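Colleague: So in the working numbering the end of the sequence shown lands on 550, straight run, no missing numbers.
No residue lacks a Cβ here, since even glycine has one placed at the ideal position from N, Cα and C.
What you are looking at is a predicted structure, and each value in this text was computed from that prediction instead of being measured.
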Amino acid sequence: MREDELEEGAPGTLVSYGRESYYKPEPLPPSRELELTGRFYETLADATFWLGQLSGISRELDFPPVLYTSLLRKEAMESAEIEGADIDYNALYSLETRALDDSADTDAPASRSSPKATKDTREVLNYERAIEDGIQAIDEGESISVERLHALHETLLGGVPDDRVDTNTIGAYKTRPNHLGDFLPPVPDVVDGLVDALMTYYRTGGSYHPLVDIALFHYQFETIHPYGDGNGRLGRLLITLQLYDHDYLQRPNLYLSEYFNRNKPAYVDRMTAVRRDGDWEAWLSFFVEGIATQAEESVTRTLALDELRRRYEAEYGGVAYTKNRLACKLFEQPYLTTKTVTKLFDVEPSTASRAITALEEQGVLEEVTGKARNKEYRAREIFEILERPPQTY
Numbered sequence: 158m159r160e161d162e163l164e165e166g167a168p169g170t171l172v173s174y175g176r177e178s179y180y181k182p183e184p185l186p187p188s189r190e191l192e193l194t195g196r197f198y199e200t201l202a203d204a205t206f207w208l209g210q211l212s213g214i215s216r217e218l219d220f221p222p223v224l225y226t227s228l229l230r231k232e233a234m235e236s237a238e239i240e241g242a243d244i245d246y247n248a249l250y251s252l253e254t255r256a257l258d259d260s261a262d263t264d265a266p267a268s269r270s271s272p273k274a275t276k277d278t279r280e281v282l283n284y285e286r287a288i289e290d291g292i293q294a295i296d297e298g299e300s301i302s303v304e305r306l307h308a309l310h311e312t313l314l315g316g317v318p319d320d321r322v323d324t325n326t327i328g329a330y331k332t333r334p335n336h337l338g339d340f341l342p343p344v345p346d347v348v349d350g351l352v353d354a355l356m357t358y359y360r361t362g363g364s365y366h367p368l369v370d371i372a373l374f375h376y377q378f379e380t381i382h383p384y385g386d387g388n389g390r391l392g393r394l395l396i397t398l399q400l401y402d403h404d405y406l407q408r409p410n411l412y413l414s415e416y417f418n419r420n421k422p423a424y425v426d427r428m429t430a431v432r433r434d435g436d437w438e439a440w441l442s443f444f445v446e447g448i449a450t451q452a453e454e455s456v457t458r459t460l461a462l463d464e465l466r467r468r469y470e471a472e473y474g475g476v477a478y479t480k481n482r483l484a485c486k487l488f489e490q491p492y493l494t495t496k497t498v499t500k501l502f503d504v505e506p507s508t509a510s511r512a513i514t515a516l517e518e519q520g521v522l523e524e525v526t527g528k529a530r531n532k533e534y535r536a537r538e539i540f541e542i543l544e545r546p547p548q549t550y
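1. I need the straight-line Cα distance from ARG226 to GLY475, nearest angstrom please.
2. Going straight from the alpha carbon of PRO272 to that of TYR365, what length do you get?
3. Identify every residue that forms a DSSP beta bridge with ALA536.
4. So, under 8 Å CB-CB, SER251 and GLU454 are touching, yes? Tell me the CB distance rounded to an integer number of Å.
5. Given this structure, state the Cα-to-Cα distance separating ILE214 from VAL456, to the nearest angstrom.
6. Closest by CA to HIS310, which one among ASP296, GLY298, GLU285?
7. Would you say the beta carbon of VAL172 comes nearer than 7 Å to a heavy atom of the ligand FMN?
8. Please give me, in chain order, every unbroken run of the alpha helix (DSSP H) with length at least 4 that falls completely inside the stretch 308-393.
9. Suppose you measure from the CA of GLY195 to the CA of GLN399; what does that come to, to the nearest Å?
10. Excluding five sequence neighbours on each side, which residues of the same chain lie with their C-beta closer than 6 Å to the C-beta of GLU183?
11. For the beta strand (DSSP E) containing PRO182, name the first residue and the last one.
12. Which ranges would you report for the beta strand (DSSP E) in the stretch 457-484 if only whole runs of at least 3 residues count?
13. Could you please give me the residues that DSSP links to SER173 through a beta bridge?
14. Is DSSP giving LEU208 helix, strand or coil here?
15. At the level of alpha carbons, what is the spacing between GLY175 and VAL344?
16. By the 10 Å Cβ neighbour count, where 16 or more other Cβ atoms means buried, how is PHE206 classified, buried or exposed?
17. Note down the Cα distance separating THR499 from GLU538, rounded to an integer number of angstroms.
18. Between GLU177 and PRO186, what straight-line distance do the alpha-carbon atoms span, to the nearest angstrom?
19. With 16 as the cutoff for other CB atoms within 10 Å, does PRO342 come out buried or exposed?
20. Could you give the C-beta distance for ASN335 and HIS382, rounded to a whole number, given that I count them as a contact under 8 Å?
21. Please classify TYR246 as buried or exposed, where buried requires at least 16 other C-beta atoms within 10 Å of its C-beta.
22. If you drop the 5 nearest sequence neighbours on each side, which residues of the same chain put their C-beta closer than 6 Å to that of ASP203?
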């Protein structure tokens with residue numbers, strides 16, 4: 158970024174750094190009064206309404222934890238895809254199911270190892286764990302702090318292969334400058350003070366409606382780009398934690414990364430416009446619109462899962478055949494093998510196989526490996542709901 162690219166209203170300056178210049182953002186709040194229109198406040202009302210709906214059904218529906226984990230997993234997958242990962246639900250659930258099967262196999266040779274996470278699945282699983290760690294910390298009364306940021310960063314990048322990690326510092330701020338195309342974020346020497354100021358803004362309650370302040374925080378964090386790698390993943394994860402911290406979410410089941418992923422050019426352009434000419438309003442409108450649409454999308458998807466669960470309970474819940482018990486159990490174990498069913502219901506492999514075959518014939522299960530042996534199955538209709546494109550935009 159060059160000096161002549163900055164407009165008069167830019168909320169930052171270019172600071173000479175060797176042969177180039179880095180961008181140093183002004184601290185929050187914005188120095189000028191935001192010009193938020195009636196249309197913006199309508200969108201803000203929609204966002205708070207749908208977040209309220211999502212929190213309400215999260216309290217009312219007695220969902221098995223795995224379904225909420227599946228919605229959290231959707232956020233983790235979408236966030237990883239933004240960074241170039243190529244992953245699907247099957248790979249993640251296969252990894253977990255095979256590990257579960259192996260742990261239950263007392264006759265397995267001692268040298269046999271559990272399935273290994275690929276570099277992409279590791280990023281997704283790390284993201285899930287980081288959100289869960291952050292939620293637990295908030296539940297225990299811990300505030301979102303610099304120390305928590307470092308811990309989350311370490312969780313996100315821990316165990317990821319070297320060819321997927323572009324930093325030598327994990328769980329600590331960057332030690333060398335990192336470029337984003339022709340944009341040079343703040344250099345290591347100034348990161349500490351900038352993040353401290355940002356965290357102070359958050360801890361003191363900000364200056365605007367909480368959703369506006371979360372949007373401002375996200376812009377500022379991504380502009381500071383304090384870590385050598387993983388800034389995008391951590392920044393998106395912090396949105397979920399901040400919504401939870403402000404009691405907008407009962408569970409981490411809002412997957413805003415889906416909206417960012419499907420509108421990636423706009424996501425980048427809106428933040429760039431803030432840096433260059435202080436167009437806060439376009440960024441805030443984009444962000445709050447994302448909250449509104451994704452909250453509605455999560456409500457729609459959650460209700461669809463609940464409707465499917467009720468249908469299965471009505472159709473299969475009255476008779477204690479293994480097939481019927483398995484159909485109702487799919488909302489806790491949506492991905493399985495014959496060994497999984499054998500363990501779940503303490504039945505013979507032949508009985509488990511017949512139950513799987515019956516549900517496969519009825520379209521409840523589908524085989525996903527295409528192999529003659531070591532077949533894996535998933536709950537077809539559950540995954541159709543989880544994997545379908547957004548219905549609300």
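Modeller: Here's the rundown:
1. Looking at the sequence shown, residue 226 is not Arg but Thr. Going by the C-alpha atoms only, they are around 27 Å apart.
2. Legend: pLDDT at PRO272 = 47, less than 50; position of this residue unreliable, no value from coordinates given.
3. LEU522
4. Not a contact, Cβ separation roughly 26 Å.
5. Distance from the CA of ILE214 to the CA of VAL456, rounded to the nearest whole angstrom, comes to 8 Å.
6. GLU285
7. As presented, the structure is devoid of all ligands, the ligand FMN included, so that no description of it is given.
8. 345-360, 367-381
9. 25 Å
10. PRO168, GLY169
11. 177-182
12. If we require 3 residues or more, the stretch 457-484 turns out to have no beta strand (DSSP E) run fully inside it.
13. SER178
14. helix
15. 11 Å
16. exposed
17. Roughly 22 Å separates the two Cα atoms.
18. Distance between the alpha carbons of GLU177 and PRO186: 27 Å.
19. Using a 10 angstroms sphere on the CB of PRO342, the tally of other CB atoms reaches 16 or more, which defines it as buried.
20. Right, the Cβ-Cβ distance comes to about 6 Å (below 8 Å), so this counts as a contact.
21. buried
22. Closer than 6 Å at the Cβ level, and outside the excluded window around ASP203, lie ALA449.
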